[in-house]
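K.L.:
If you're matching positions, the sequence shown starts at 1 in full-length UniProt numbering and goes up one per residue.
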Amino acid sequence: MKSSTIYSIKTIFLSLLAMLLVACNDLTVGPEPVNTPESNFDQLWQEFDRMYGQFAVKQIDWNAVYEKYRPLVKPQMTDNQLFDVIAQMLGELNDGHVWLVKPGPDYRRYDSGPNYPTNEFDLKVVKKYITDSHEIGTADGLNVLYGKLDGNIGYLYFVDLGQNPKFYERAVDETLAALADTKGIVIDVRNLAGGDDRSGQVVANRFASTRKLFMKTRFRNGPRHTDFTTAVDWYVEPAGTFRYAKPVVLLTNRITQSAGETFTLAMRQNANVTHIGDTTFGVFSDNPKRELPNGWIYALSSGDFRAADGKSYEGIGIEPKQRVVNPKDDLAAGHDVVLAKAIAMLSK
Numbered sequence: 001m002k003s004s005t006i007y008s009i010k011t012i013f014l015s016l017l018a019m020l021l022v023a024c025n026d027l028t029v030g031p032e033p034v035n036t037p038e039s040n041f042d043q044l045w046q047e048f049d050r051m052y053g054q055f056a057v058k059q060i061d062w063n064a065v066y067e068k069y070r071p072l073v074k075p076q077m078t079d080n081q082l083f084d085v086i087a088q089m090l091g092e093l094n095d096g097h098v099w100l101v102k103p104g105p106d107y108r109r110y111d112s113g114p115n116y117p118t119n120e121f122d123l124k125v126v127k128k129y130i131t132d133s134h135e136i137g138t139a140d141g142l143n144v145l146y147g148k149l150d151g152n153i154g155y156l157y158f159v160d161l162g163q164n165p166k167f168y169e170r171a172v173d174e175t176l177a178a179l180a181d182t183k184g185i186v187i188d189v190r191n192l193a194g195g196d197d198r199s200g201q202v203v204a205n206r207f208a209s210t211r212k213l214f215m216k217t218r219f220r221n222g223p224r225h226t227d228f229t230t231a232v233d234w235y236v237e238p239a240g241t242f243r244y245a246k247p248v249v250l251l252t253n254r255i256t257q258s259a260g261e262t263f264t265l266a267m268r269q270n271a272n273v274t275h276i277g278d279t280t281f282g283v284f285s286d287n288p289k290r291e292l293p294n295g296w297i298y299a300l301s302s303g304d305f306r307a308a309d310g311k312s313y314e315g316i317g318i319e320p321k322q323r324v325v326n327p328k329d330d331l332a333a334g335h336d337v338v339l340a341k342a343i344a345m346l347s348k
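#1: Got a sec? Which residues, its chain only, sit under 6 Å from residue 149 by beta carbon, not counting five neighbours each side?
#2: Name the DSSP bridge partner or partners of residue 232?
#3: Sort 282, 127, 245 by Cα distance to residue 320 and report the nearest one.
#4: Taking the beta carbon of residue 32 as the centre, do at least 16 other beta carbons fall within 10 Å, making it buried, or is it exposed?
#5: Can you give me the C-alpha to C-alpha distance between residue 224 and residue 293, rounded to a whole angstrom?
#6: Assuming residue 102 is part of the beta strand (DSSP E), what are its boundary residues?
#7: By how many angstroms is the C-alpha of residue 183 removed from the C-alpha of residue 65?
#8: Output the distance between the C-alpha atoms of residue 59 and residue 80, rounded to the nearest integer angstrom.
#9: At 4 residues or longer, and completely inside the segment 237–315: list those alpha helix (DSSP H) runs for me, N to C.
#10: Can you find the residues in the same chain that come closer than 7 Å, C-beta to C-beta, to residue 69, ignoring five residues on each side of it along the sequence?
#11: Take the Cβ of residue 181 as the centre, count every other Cβ of all protein chains shown within 10 Å, and call the residue buried at 16 or more, exposed below.
#12: Can you give me the start and stop residues for the beta strand (DSSP E) that residue 348 sits inside?
#13: Would you report the Cα separation of residue 249 and residue 279, rounded to the nearest angstrom?
#14: Mapping DSSP to helix, strand and coil, what is residue 88?
#15: Which runs of the alpha helix (DSSP H) at least 4 residues long sit entirely within the segment 108–150? Give them in chain order.
#16: Taking a contact to mean a Cβ-Cβ separation below 8 Å, would you say residue 113 touches residue 143 in this structure?
#17: Is residue 190 closer than 8 Å to residue 121 when the C-beta atoms are compared?
#18: So the beta strand (DSSP E) residue 349 belongs to, where does it begin and stop?
#19: Would you mind reading off the limits of the beta strand (DSSP E) that contains residue 186?
#20: In three-state terms, what does DSSP make of residue 167?
#21: Can you name, in chain order, every residue of its own chain whose Cβ lies under 7 Å from the Cβ of residue 241, other than the five neighbours on each side?
#22: Are the CB atoms of residue 216 and residue 232 nearer to each other than 8 Å?
#23: Can at least three beta-carbon pairs, one atom from the segment 35–44 and one from the segment 203–215, be found at a separation below 8 Å?
#24: Determine whether the beta carbon atoms of residue 324 and residue 276 lie at a separation below 8 Å.
#25: Whose CA, out of 126, 194, 316, lies closest to the CA of residue 146?
#26: So, is residue 3 buried or exposed, given that buried needs 16 or more other C-beta atoms within 10 angstroms?
#27: Check the C-beta distance from residue 308 over to residue 214 and give it rounded, since I have them as a contact under 8 Å.
#28: When DSSP builds the beta bridges, which residues end up paired with residue 364?
#29: With distances taken Cα to Cα, identify the nearest neighbour of residue 96 among 328, 314, 74, 270.
#30: Classify residue 102: buried if its beta carbon has 16 or more other beta carbons within 10 angstroms, exposed otherwise.
#31: By the 10 Å Cβ neighbour count, where 16 or more other Cβ atoms means buried, how is residue 255 classified, buried or exposed?
#32: Which residues in the same chain have their Cβ closer than 6 Å to the Cβ of residue 212, if we skip the five residues on either side of it in sequence?
#33: For residue 53 versus residue 306, is the C-beta spacing smaller than 8 Å?
#34: Looking at the structure shown, is residue 28 part of a helix, part of a strand, or coil, going by DSSP?
#35: Just verifying my parser: in three-state terms, what is the DSSP assignment at residue 343?
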């Protein structure tokens with residue numbers, strides 16, 4: 001009798017467990033998404049409506065954008081026609097962190113932001129100015145370059161900030177130990193296109209004398225355009241084994257973006273730093289990637305990043321204290337006017 005009862009209980013338990021697992025699987029997987037021009041367009045619009053963090057900053061009426069472009073989507077339209085309509089809609093955002101990719105043999109990519117020239121910086125030209133240069137990187141390539149310029153001036157160039165913060169702690173330890181006796185340092189983030197904001201903070205801390213707020217960040221977390229997480233305060237403060245208190249000139253250009261810009265915000269809070277070059281790109285927020293039912297991939301800016309004074313530089317960029325740019329003819333002739341200006345400033 002006891003054995004039969006136990007068997008019955010086990011049978012009931014296993015049946016319930018199987019039903020639960022099937023139910024959980026159904027909840028996790030869900031129905032197969034519909035793959036039509038209309039459903040792909042609507043899903044993308046809805047995801048932006050729920051996740052995009054800059055409608056208020058850019059003063060965009062997203063519902064009006066829908067009303068403008070949704071009638072252009074037809075059931076029998078081709079992939080390329082649908083791509084063109086979505087690209088036009090995303091163009092309304094003018095956001096360099098927003099893009100759309102159609103993978104495969106007929107690959108297409110659309111970037112929402114402005115197309116700034118990429119030929120106003122040449123690392124090969126820069127290297128002609130450097131003596132005793134050293135490179136730090138990974139198996140993926142170069143990340144950091146440092147050395148000395150004429151007049152006992154240090155030079156530190158970041159290709160990106162894409163490695164983890166510990167990598168940059170070690171890199172800056174090595175760099176500042178080697179450049180400790182210089183009279184000043186040029187930090188070059190021209191063409192720096194992104195990375196980890198924490199890595200930039202780690203570097204900026206080495207040039208700080210006091211603790212200062214440099215940025216506030218928050219992210220969309222609800223259906224309303226005003227639904228955001230609580231803002232997080234970011235500070236730059238003295239830290240690390242090696243620090244540098246002598247004059248620093250920071251170089252940026254129109255391609256300096258994302259983590260390069262949050263790094264610029266941090267460095268500008270340090271009293272020994274002067275920012276010259278060109279205005280930065282103007283894309284700060286993180287940009288998670290999403291996929292449509294048709295396999296297309298897109299990215300959107302989910303955050304609202306502000307400077308210490310509460311101002312958003314999205315779509316604007318950070319203007320340097322002194323604007324200096326490289327004329328194409330000078331760069332082609334092997335002259336970096338921006339770097340030469342920085343050297344002159346630190347040689348005084």
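Backbone N, C-alpha and C fix where the C-beta goes; we use that ideal spot for every residue, glycine too.
P.N.:
Judging by the given coordinates:
#1: Counting from one through the sequence shown, the residue named residue 149 turns up at place 149. Taken in chain order, the residues that qualify are 129, 155, 343.
#2: One-based indexing of the sequence shown puts residue 232 at position 232. 217, per the DSSP bridge assignment.
#3: Reading the sequence shown from its first residue, position 320 is the one you call residue 320. Selected option, being the one with the closest Cα: 282.
#4: Indexing the sequence shown from 1 puts residue 32 at position 32. The residue in question, residue 32, is exposed, as its Cβ has fewer than 16 Cβ neighbours within 10 Å.
#5: Locating residue 224 in the sequence shown gives position 224, where the first residue counts as 1. Locating residue 293 in the sequence shown gives position 293, where the first residue counts as 1. Using only the alpha carbons, I get a separation of about 24 Å.
#6: As a first step, residue 102 must be located in the sequence shown, where it is residue number 102. Per DSSP, residue 102 belongs to the beta strand (DSSP E) from 99–102.
#7: On the sequence shown, position 65 is the one that residue 65 refers to. On the sequence shown, position 183 is the one that residue 183 refers to. Roughly 54 Å separates the two Cα atoms.
#8: Your numbering for residue 59 matches position 59 in the sequence shown. Your numbering for residue 80 matches position 80 in the sequence shown. Approximately 29 Å between the Cα atoms of the pair.
#9: 259–267
#10: In the sequence shown, residue 69 corresponds to position 69, counting from 1. For residue 69, where only same-chain residues beyond five positions count, the Cβ hits under 7 Å are 85, 88, 89.
#11: Position 181 of the sequence shown, counted from the first residue, corresponds to residue 181. That one is exposed.
#12: The residue given as residue 348 occupies position 348 in the sequence shown. Per DSSP, residue 348 belongs to no beta strand (DSSP E) and is neither H nor E.
#13: In the sequence shown, counting from the first residue as 1, residue 249 sits at position 249. In the sequence shown, counting from the first residue as 1, residue 279 sits at position 279. Those two C-alpha atoms are separated by around 15 Å.
#14: Stepping through the sequence shown from its first residue, residue 88 is reached at position 88. Residue 88 falls in the helix class under three-state DSSP.
#15: 123–127
#16: Residue mapping note: residue 113 aligns to position 113 of the sequence shown, counting from 1. Residue mapping note: residue 143 aligns to position 143 of the sequence shown, counting from 1. Result no, Cβ atoms of residue 113 and residue 143 do not sit closer than 8 Å.
#17: In the sequence shown, counting from the first residue as 1, residue 121 sits at position 121. In the sequence shown, counting from the first residue as 1, residue 190 sits at position 190. Yes, Cβ-Cβ distance for residue 121 and residue 190 is below 8 Å.
#18: The structure shown does not extend to residue 349, since the chain spans only 1 to 348, so no value can be given for it.
#19: In the sequence shown, the residue the question calls residue 186 occupies position 186. Its beta strand (DSSP E) spans residues 184–188.
#20: Position 167 of the sequence shown holds residue 167. Three-state DSSP puts residue 167 in a helix.
#21: Here the question's residue 241 lines up with position 241 in the sequence shown. Result list for residue 241: 173, in chain order.
#22: For this step, residue 216 is matched to residue 216 along the sequence shown. For this step, residue 232 is matched to residue 232 along the sequence shown. Yes, they are a contact pair.
#23: no
#24: Locating residue 324 in the sequence shown gives position 324, where the first residue counts as 1. Locating residue 276 in the sequence shown gives position 276, where the first residue counts as 1. Yes. Within cutoff.
#25: Indexing the sequence shown from 1 puts residue 146 at position 146. That would be 126, whose Cα lies nearest to the Cα of residue 146.
#26: Sequence index remark: in the sequence shown, residue 3 carries index 3 (1-based). With a pLDDT of 42 at residue 3, under the threshold of 50, the predicted position of this residue should be treated as unreliable, though the coordinate-derived value follows. The residue in question, residue 3, is exposed, as its Cβ has fewer than 16 Cβ neighbours within 10 Å.
#27: For the purposes of this step, residue 308 is identified with residue 308 of the sequence shown, where counting begins at 1. For the purposes of this step, residue 214 is identified with residue 214 of the sequence shown, where counting begins at 1. Indeed they touch by this definition, with Cβ atoms about 5 Å apart.
#28: With the chain represented from 1 up to 348, any question about residue 364 goes unanswered, as that position is not in the structure.
#29: Position 96 of the sequence shown, counting from 1, holds the residue named residue 96. Nearest of 328, 314, 74, 270 to residue 96, Cα basis: 314.
#30: Counting from one through the sequence shown, the residue named residue 102 turns up at place 102. Answer is buried; the Cβ neighbour count reaches 16.
#31: As a position in the sequence shown, residue 255 is number 255, starting the count at 1. Classification for residue 255: buried.
#32: The residue given as residue 212 occupies position 212 in the sequence shown. 236, 269.
#33: Position 53 of the sequence shown, counted from the first residue, corresponds to residue 53. Position 306 of the sequence shown, counted from the first residue, corresponds to residue 306. Result no, Cβ atoms of residue 53 and residue 306 do not sit closer than 8 Å.
#34: Within the sequence shown, residue 28 is the residue found at index 28, counting from 1. Caution applies to residue 28, whose pLDDT of 43 falls short of 50 and renders its modelled position unreliable; the value that the coordinates give is listed next. Reduced to three states, the DSSP call for residue 28 is helix.
#35: Within the sequence shown, the letter at position 343 stands for residue 343. Helix.
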